[in-house]
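Undergrad: As given, the protein sequences belong to chains A and B, one line each in that order.
Mind the numbering: the first sequence is residues 1 to 679 in the numbering used here, read in order.
Mind the numbering: the second sequence is residues 1001 to 1679 in the numbering used here, read in order.
One structure coming up, written as structure tokens, with questions to follow.
There are 2 protein chains.
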Amino acid sequence: AQEDPDDGQSLVFADLTPAELAQVVRYLQGHLGLRLVDAARANPSDNCIASVELQVPAKAEALRFLDGAGARPPREALAVLYFGDQPDPNVTEYVVGPLPTPAYHRDVTVRRYGGKVPYHRRPVTGKEYMDINALIQRELRKAPRFLAACCESDGTDLTTLTTAPRGFKSGDRATWFVLFHSVAGSGYYLSPVGLEVLVDHRDLRVSRWQLRHVFYNGQYFVSMADLEEAFVANLLEVVRVQKPRAEAVLGSMRPRHQPSSPGPLQYEPQGPRYSVRGNRVTFQGWSITFGMNPNSGPRLFDIRYRGERIVYELSLQEALALYGSNCPGGMSTRYLDGSFGIGRFAYELVRGLDCPYTATYVDQHYLVESDTPKTNQNSLCIFEHDAALPLRRHFSDSQSFYYGGLRKTTLVIRAISTLINYDYIWDFMFHASGAVEVRVHATGYISTSFLHGQGTDYGSRVGPHTLGTMHLHHMHYKVDLDVDGQLNSLETQDMGYKVMKEPWSMQNTIERLYLRRKRLEREDEAAFQFNAPMPRYLSFVSPNPNKWGHPRGYRIQIISFAGDPLPTSSPMERAISWGRYQLAVTRRKEEEPSSTSIYNQNDPWTPTVAFADFINNETITNEDLVAWISVGFLHVPHAEDIPNTVTVGNGVGFFLRPYNYFDEDPSVDSPDSIYFSSE
Amino acid sequence: AQEDPDDGQSLVFADLTPAELAQVVRYLQGHLGLRLVDAARANPSDNCIASVELQVPAKAEALRFLDGAGARPPREALAVLYFGDQPDPNVTEYVVGPLPTPAYHRDVTVRRYGGKVPYHRRPVTGKEYMDINALIQRELRKAPRFLAACCESDGTDLTTLTTAPRGFKSGDRATWFVLFHSVAGSGYYLSPVGLEVLVDHRDLRVSRWQLRHVFYNGQYFVSMADLEEAFVANLLEVVRVQKPRAEAVLGSMRPRHQPSSPGPLQYEPQGPRYSVRGNRVTFQGWSITFGMNPNSGPRLFDIRYRGERIVYELSLQEALALYGSNCPGGMSTRYLDGSFGIGRFAYELVRGLDCPYTATYVDQHYLVESDTPKTNQNSLCIFEHDAALPLRRHFSDSQSFYYGGLRKTTLVIRAISTLINYDYIWDFMFHASGAVEVRVHATGYISTSFLHGQGTDYGSRVGPHTLGTMHLHHMHYKVDLDVDGQLNSLETQDMGYKVMKEPWSMQNTIERLYLRRKRLEREDEAAFQFNAPMPRYLSFVSPNPNKWGHPRGYRIQIISFAGDPLPTSSPMERAISWGRYQLAVTRRKEEEPSSTSIYNQNDPWTPTVAFADFINNETITNEDLVAWISVGFLHVPHAEDIPNTVTVGNGVGFFLRPYNYFDEDPSVDSPDSIYFSSE
Ligand SMILES: [Ca+2]
Ligand SMILES: [Ca+2]
Ligand SMILES: [Ca+2]
Ligand SMILES: [Ca+2]
Ligand SMILES: [Cu+2]
Ligand SMILES: [Cu+2]
């Protein structure tokens, strides 16, 4: 069972094709009986299709099909509609099927969320940002003298950066926008001019939107006119910021030197050793189904090794960036990137830099805020990598002379999401030892504030007027391990010392290292808050033993440097309550498909999904369990974050490692094994 | 100053050449006025040369030479002599110089250790092990019927494994030896037969050594005859262990399958981009001097980037493996590998597996327990590695379309030490971002005990009679950072939340993330015990600011999963008191060259060097400071540790990252930078 017998079975997890997406759009346009405006042009007071994506089949149904005699589950789509043109504006989610020729649609909103989704929770669309920008441009015209003085600008060459959340209570939709000098071909994120504006865009009529507050260089104003007046009256301390000149843009990535001889490159002497068929890759006993959710990003299904499923679902859930600053935009910012779209912003990968030249590149399709499917070409890559490290080796010249070893070559599945300024590199790696490694590296431009006052209490100065603002990166993963079947328990191991007499003469004292093994029986015990001690070993175990009598298991090993999560006293904390736990193990529920929601960003005060509610002390012995893992790090920017944060030292993630799952290390079967001896 | 102007200056740190080693031996043989026996043949009651190695020049002297007009320091050796043939047997250390033609030798023992080094502290030599083995073989002959029954053996096919320490108080030299079936061409470490013997080899007359205790399968006996008697009287529960058969040896690394197509390989299109001259390597602004201490292992000196020294010394100090078991050998074991010889056991590297084919391989020479120098050919490798990851990248399609990035190619310096069963892979990596990465991976054979009774309270069963015993790996590094000069301070940063009114309307509450910066003024504050909270950012900073006003610094970022160190109540804890601290920053002292001593293993109860004494609350502001870093992990073996522990998930280490040291990321100057835009 080394090779994968998949005959298109993995297609149950396949993202919708452009044709399928188009079919669903056509179906909705024809069957909802409502006027639908293309989301690319829709006003808040219109109805539109916000997104269409795969409705992943229920696990039970999928498994019946994959493992048994069950029928192929019907192929369905999940469509999100913004209904602004209704008496009670709301967001509605429909399951539409069966594809390729839809015949039904079911409103699943209440079933999924326990109630209707109020309209104010919807993400901000591109069209909404355009309308806000138009408002800001109009407002800027009210302070021409100020702008000329502060920024050598008439406003038109200033660019805005959104922040989020957008207020302090449910229903609020008032966003601080930070203004930057726009810089062609480089990250404007490093060139704040000191001006920030609070726009209230809650009203469904764009014409009623208003600018509520203005911030400049440490001072607050109620309007641009007010600011202009203060300037003209000489009551304003203006910091004159030069327009970035092409020659010396802070953060330019243009090479300063001619390319020299090329660095080392990988080649595959006899071509790739993995194979990609549709949405499934196979490699040395591994088979993995991959996909990309437009919102939550990369996800894998049905990860099997040697024919046995180890993980049913491994999916990114959310990426949080939480900032500190003495400017209002920065201090308010808690980006929930899933609501912006981690998957849809996973753009084309640059061959030879983002992934090796020899990698296999796969297109991803999505339908978001448009009636037409879009494609991110070559936006997921797959390759085998030479880690230039032994996976295992031993050299002996005592007793007998021999050497055995195996190179560490790893299958990597990668996508890179650019979320405005930041780039997250999502890696999923598969080792010859049966281990899965999940890693995220952060790179791209840092977000910045205008440096004023005690700014350096919130980061480092990284440019003439630029404060690199401190922030937390927290990412959340769902790992539905199914170890040797669906029924698993959680076993922990840790160490202790026992002080006792040595047993041979009983005359001396010895500190004996020993093992503490434990089964965690309930969800509350298995939810490990940050800064609380966590056992060094945590494994999903099966009821079945390996050859040596130990329960077959997979160990979860986390590598994270996370910062403290938001205090639970915060009124928005429940929206990111997954961030409380480094690891939480819950019973798998079809009704708990993800730890967050795209609606959490704009109404975190009444979270549509509150992960903490999943942890309700249910028993977790011999159940279908899910591990929810959060990783992250505190990032206090420094000069070397210019132009871009480097990946060195900025990677976090986790391993899933076989732990008495096998009877020996499966890599002994690798045909790459090397051995020689003096015999 | 990108390129290194080194004209053989780095040779002040060069390990002694075979010719130099031979010169020192000849000089000692001619000038000590004592009968010296070749250590390979010497009895405890003889005098012998235990080792000769480079005496590293004092830092002040070396820096005067490297940086100023100072003369080249005289080249000197450090010779360790075991004086067993003296009225007061002792270990004496001499500095011998100047090379190549020695003219003087100075006894530095008292200066280095504050007193004479008692003879009983000396490491056990190969000859001593041979004599012990002969004793054990003689003893085994006293239990022929037992051995035939338990082990299908007459004793001659059993192999011993030493443990350490060797007793419970200063002066003790009584070692538990664990017996294994010897296995040709594979690790016998996995085949314990259940028999262990305690040999007292304290007396300088080998003839007086004695077997003190015998352990078999959970029971203790005072002699082999006693054991035999119990067996014959049928009072012994014997577990019949078959002799390993060639076809099915537990832990065999012989490939089971024909090689298939080769995996990805690296090539260098225009050859290597680094250059190695003698003991110095240069690469893209980096220059590093490397060497290998026969005891403590790999070490680097004078690490410079762009001509500026960042680290004066980066050296491994010690590797500890501390075991738990219900067998006496295992439960007693606290190996201090430095006393066995981390450097001398760094053997030849296998091209294409231990390092890439294209790597540069360097020989290392040493003189230990012999009058003749030995060479470990190709035992250190240097290569540039394609990490197949961007070092940095950003893709933009908002505002303007552009892409900038840089591949992560890394210079790696590697050695691999085989310490009996275990193999440690020592990596030192140098990045285009100015960061140094230090990493150790563990592989090789686990150490095991015979499975009996409640054995699985100490690990996992991994074979028919084999218990993979739990243990801690702890490694200690000395990092003498000199950041922008020798005078540095230690700055920490961490985060907090402040709950306050938002400043624009003062109507809502906001949790503001902010930075806590601190200078640690004294050694006691800068000694971070395990499990005590450690600030997330710790940097060595210079008094001088970068362009943006922040003190130029390098950050220390540790990646470790260490287990709890031995309780301080243990009478041997002071010998490994470096293990208390994840990080300790002390004032650099010429008299505190290392955190441990090769004499600590055999007399840990009166440690020759006790690291904890370095921490005596001296001020550490604007001083020459050293960071002492310990990393490690708890290893509870499992079936997949057979045949060998894999490196996946078993790597720990640390980064040294520029932190406001530069004015921007130095990688912007890399000729490998890529940029394109739509302009
Ligand atoms: Ca639950
Ligand atoms: Ca599960
Ligand atoms: Ca001190
Ligand atoms: Ca220093
Ligand atoms: Cu960041
Ligand atoms: Cu280990």
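Every residue gets a Cβ at the ideal spot worked out from N, C-alpha and C, and that includes glycine.
For residue 379(A), which option in 488(A), 111(A), 426(A) and 204(A) has the closest C-alpha, if you only look at C-alpha atoms?
TA: Your numbering for residue 379(A) matches position 379 in the first sequence. Nearest of 488(A), 111(A), 426(A) and 204(A) to residue 379(A), Cα basis: 426(A).
Undergrad: By how many angstroms is the C-alpha of residue 633(A) removed from the C-alpha of residue 560(A)?
TA: In the first sequence, residue 560(A) corresponds to position 560, counting from 1. In the first sequence, residue 633(A) corresponds to position 633, counting from 1. Looking at the two C-alpha atoms, the distance is approximately 7 Å.
Undergrad: Could you compute how far the alpha carbon of residue 1117(B) sits from the alpha carbon of residue 1079(B)?
TA: Reading the second sequence from its first residue, position 117 is the one you call residue 1117(B). Reading the second sequence from its first residue, position 79 is the one you call residue 1079(B). One C-alpha to the other measures close to 14 Å.
Undergrad: Please tell me whether, using a cut-off of 7 Å, the distance from the CB of residue 1318(B) to the nearest non-hydrogen atom of ligand 1 is below it.
TA: Counting from one through the second sequence, the residue named residue 1318(B) turns up at place 318. No, ligand 1 has no heavy atom inside 7 Å of this Cβ.
Undergrad: Are the C-beta atoms of residue 1504(B) and some chain A residue less than 8 Å apart?
TA: Within the second sequence, the letter at position 504 stands for residue 1504(B). With 8 Å as the cut-off, residue 1504(B) counts as an interface residue toward chain A.
Undergrad: Is the CB-CB distance between residue 1052(B) and residue 1025(B) below 8 Å?
TA: Your numbering for residue 1052(B) matches position 52 in the second sequence. Your numbering for residue 1025(B) matches position 25 in the second sequence. Cβ distance < 8 Å, so residue 1052(B) and residue 1025(B) count as in contact.
Undergrad: For the beta strand (DSSP E) that contains residue 429(A), what are its first and last residues?
TA: For this step, residue 429(A) is matched to residue 429 along the first sequence. Its beta strand (DSSP E) spans residues 422 to 430.
Undergrad: Mind listing which residues have their beta carbon within less than 7 Å of any non-hydrogen atom of ligand 3? Chain order is fine.
TA: A residue is listed when its beta-carbon falls short of 7 Å from at least one non-hydrogen atom of ligand 3; in chain order these are 1523(B), 1586(B), 1587(B), 1589(B), 1614(B), 1615(B), 1616(B) and 1618(B).
Undergrad: Taking the C-alpha atoms as reference points, what is the distance between residue 163(A) and residue 390(A)?
TA: Translated into positions along the first sequence, residue 163(A) becomes position 163. Translated into positions along the first sequence, residue 390(A) becomes position 390. If you take the alpha carbons of residue 163(A) and residue 390(A), they lie about 46 Å apart.
Undergrad: Run through DSSP, which three-state label would residue 1465(B) get?
TA: On the second sequence, position 465 is the one that residue 1465(B) refers to. Coil.
Undergrad: Are the segment 1452 to 1460 of chain B and the segment 1500 to 1518 of chain B touching by the rule of at least three beta carbon pairs closer than 8 Å?
TA: no
Undergrad: Quick one: does residue 418(A) have its CB under 8 Å from some CB of chain B?
TA: Numbered from 1 along the first sequence, position 418 holds the residue referred to as residue 418(A). Interface residue, yes.
Undergrad: The segment 1378 to 1408 of chain B: which residues have C-beta closer than 8 Å to a C-beta of chain A, in chain order?
TA: 1383, 1384, 1385, 1386, 1388, 1389, 1390, 1391, 1392, 1393, 1394, 1395, 1396, 1397, 1398, 1399, 1400, 1402, 1403, 1404, 1405, 1406, 1407 and 1408
Undergrad: In chain order, what residues of the same chain lie with their CB nearer than 8 Å to the CB of residue 1087(B), ignoring the 5 residues before and after it?
TA: Numbered from its first residue, the second sequence carries residue 1087(B) at position 87. Cβ neighbours of residue 1087(B) beyond the five flanking positions: none.
Undergrad: In chain order, which alpha helix (DSSP H) runs of at least 4 residues are fully inside the segment 128 to 175 of chain A?
TA: 144 to 151
Undergrad: Can you give me the C-alpha to C-alpha distance between residue 1003(B) and residue 1283(B), rounded to a whole angstrom?
TA: Counting from 1 along the second sequence, the entry for residue 1003(B) is found at position 3. Counting from 1 along the second sequence, the entry for residue 1283(B) is found at position 283. In this predicted model, residue 1003(B) has a pLDDT of only 46, less than 50, meaning its place in the structure is not dependable enough to derive any value.
Undergrad: Out of 1048(B), 1075(B) and 1273(B), which one is the CA nearest neighbour of residue 1012(B)?
TA: Translated into the one-based positions of the second sequence, residue 1012(B) becomes position 12. Residue 1012(B) has its Cα closest to that of 1075(B), out of 1048(B), 1075(B) and 1273(B).
Undergrad: Who are the Cβ neighbours of residue 1429(B) in its own chain at under 6 Å, not counting the five residues just before and after it?
TA: Residue 1429(B) sits at position 429 when you count from the first residue of the second sequence. Listed in chain order, the non-local C-beta contacts of residue 1429(B) below 6 Å within the same chain comprise 1410, 1412 and 1437, local neighbours out to five positions each way being set aside.
Undergrad: Run through DSSP, which three-state label would residue 1476(B) get?
TA: Stepping through the second sequence from its first residue, residue 1476(B) is reached at position 476. Three-state result, residue 1476(B): strand.
Undergrad: Output the distance between the C-alpha atoms of residue 1206(B) and residue 1332(B), rounded to the nearest integer angstrom.
TA: Position 206 of the second sequence holds residue 1206(B). Position 332 of the second sequence holds residue 1332(B). Distance between the alpha carbons of residue 1206(B) and residue 1332(B): 24 Å.
Undergrad: What does DSSP give as the partner residues of residue 1436(B) in its beta bridges?
TA: By 1-based counting over the second sequence, the position of residue 1436(B) is 436. Per DSSP, 1430(B) and 1656(B).
Undergrad: Of the choices 228(A), 245(A), 99(A) and 357(A), whose alpha-carbon is the least far from that of residue 267(A)?
TA: Against the first sequence, residue 267(A) aligns to sequence position 267. Closest option to residue 267(A), Cα to Cα, is 357(A).
Undergrad: Using a Cβ cut-off of 8 Å (strictly closer), state whether residue 1674(B) contacts chain A.
TA: Here the question's residue 1674(B) lines up with position 674 in the second sequence. Yes, its Cβ sits closer than 8 Å to a Cβ of chain A.
Undergrad: Determine the direct distance from the alpha carbon of residue 1650(B) to that of residue 549(A), and round the result to whole angstroms.
TA: Here residue 549(A) is taken as the residue at index 549 of the first sequence, counted from 1. Here residue 1650(B) is taken as the residue at index 650 of the second sequence, counted from 1. Between the alpha carbons of residue 549(A) and residue 1650(B) lies a gap of roughly 24 Å.
Undergrad: Would you call residue 441(A) buried or exposed, if buried means 16 or more other Cβ atoms sit within 10 Å of its Cβ?
TA: By one-based count along the first sequence, residue 441(A) stands at place 441. It counts as buried.
Undergrad: Note down the Cα distance separating residue 1366(B) from residue 445(A), rounded to an integer number of angstroms.
TA: Within the second sequence, the letter at position 366 stands for residue 1366(B). Within the first sequence, the letter at position 445 stands for residue 445(A). Each residue's Cα considered, the two are about 49 Å apart.
Undergrad: How big is the Cα-Cα spacing for residue 1330(B) and residue 1176(B)?
TA: Mapped onto the second sequence, residue 1330(B) falls at position 330. Mapped onto the second sequence, residue 1176(B) falls at position 176. Using only the alpha carbons, I get a separation of about 9 Å.
Undergrad: Check residue 224(A) in the structure and name its three-state DSSP category.
TA: On the first sequence, residue 224(A) is found 224 positions in, with the first residue counted as 1. Reduced to three states, the DSSP call for residue 224(A) is helix.
Undergrad: So what does DSSP say about residue 286(A), is it helix, strand or coil?
TA: Against the first sequence, residue 286(A) aligns to sequence position 286. In this structure, residue 286(A) counts as strand in the three-state DSSP scheme.
Undergrad: Excluding the 5 residues preceding and the 5 following residue 451(A) in the sequence, name in chain order all residues of the same chain whose CB lies nearer than 7 Å to its CB.
TA: Position 451 of the first sequence, counted from the start, is the residue given in the question as residue 451(A). The answer, listed in chain order, is 461, 465, 466 and 467.
Undergrad: Below 7 Å, is the gap between the Cβ of residue 314(A) and the nearest heavy atom of ligand 2?
TA: Reading the first sequence from its first residue, position 314 is the one you call residue 314(A). Answer for residue 314(A): no, Cβ out of range of ligand 2.
Undergrad: Could you compute how far the alpha carbon of residue 1(A) sits from the alpha carbon of residue 1169(B)?
TA: Here residue 1(A) is taken as the residue at index 1 of the first sequence, counted from 1. Here residue 1169(B) is taken as the residue at index 169 of the second sequence, counted from 1. Bear in mind that a pLDDT of 35 at residue 1(A), under 50, signals an unreliable position, so the model cannot answer this.
Undergrad: Would DSSP call residue 678(A) helix, strand or coil?
TA: Reading the first sequence from its first residue, position 678 is the one you call residue 678(A). Of the three classes helix, strand and coil, the one that applies to residue 678(A) here is coil, per DSSP.
Undergrad: Is residue 478(A) near residue 315(A), with beta carbons less than 8 Å apart?
TA: The count along the first sequence starts at 1 and reaches residue 478(A) at position 478. The count along the first sequence starts at 1 and reaches residue 315(A) at position 315. It is a contact, given that the beta carbons lie within the stated cut-off.
Undergrad: With a threshold of 8 Å between beta-carbons, can residue 1508(B) be considered close to chain A, or not?
TA: Here residue 1508(B) refers to the residue found at position 508 of the second sequence. It does: the Cβ of residue 1508(B) has a partner Cβ on chain A nearer than 8 Å.
Undergrad: Along the segment 1632 to 1656 of chain B, where does the CB come closer than 9 Å to a CB of chain A? Name the residues.
TA: 1633, 1634, 1636, 1638, 1639, 1640, 1641, 1642, 1643, 1644, 1645, 1646, 1647, 1648, 1649, 1651 and 1655
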